[in-house]
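Here the structure comes first, spelled out in structure tokens, and everything after it is commentary.
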Amino acid sequence: FFSTNLQRLMSSAEEPCRNLAFGLALRSIQNNPSFAADFLPTFMCCLGSRDFEVVQTALRNLPEYTLLCQEHAAVLLHRAFLVGMYGQMDTSVQISEALRILHMEAV
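Using full-length UniProt numbering, read the sequence shown as starting at 1 and increasing by one per residue.
This is the structure:
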């Protein structure tokens, strides 16, 4: 029931609220992996946000979220790649870290 509020706060203009919302969302997914898909649309919207800070927060959380939402890793990493290309941001560090974590999980 709280996921709707967290999803709304994940795109907040206030950085402390946004960081806390992302942290709580990731923690709730760790406790109940079925929640991962519920947060996917919000995470994708944050990656596509016009607010640079919202995008940066999503990118910082990309590796951990990708690990928790492995079935959607391809679409997440593709979106991050597009953000880098069209948003003229360097997303290579976050994408590389996500791939490294996924590789470690697979081994």
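Yeah, the Cβ is synthetic: ideal placement off N, Cα and C, and Gly gets one too.
All figures in this text were calculated on a predicted structure; none of them were measured in a lab.
_Contacting residues, own chain, Cβ-Cβ under 7 Å from A58 (five flanking each side not counted)_ = In its chain, beyond the 5 residues on either side, F43, C46 and L47 have a beta carbon closer than 7 Å to the beta carbon of A58.
_Mapping the DSSP letters down to three states, classify V93 as helix, strand or coil._
In the structure shown, the three-state DSSP call for V93 is helix.
*Can the beta-carbon of P33 be found less than 8 Å from the beta-carbon of L6?*
Cβ distance not < 8 Å, so P33 and L6 don't count as in contact.
*Which runs of the alpha helix (DSSP H) fall wholly inside the UniProt domain "Integrator complex subunit 1 R4" (2-70) and span at least 4 residues, in chain order?*
Taking 4 residues as the minimum length, the alpha helix (DSSP H) runs contained wholly in the UniProt domain "Integrator complex subunit 1 R4" (2-70) are 3-9, 15-31, 36-47 and 52-68, in order along the chain.
*Taking G87 as part of the alpha helix (DSSP H), name the residues at either end of that continuous run.*
Under the DSSP assignment, G87 falls outside any alpha helix (DSSP H); it carries neither an H nor an E label.
_Quick test of your reading: A36 and I29, contact by CB under 8 Å. State the CB separation rounded to the nearest angstrom._
5 Å between Cβ atoms; contact.
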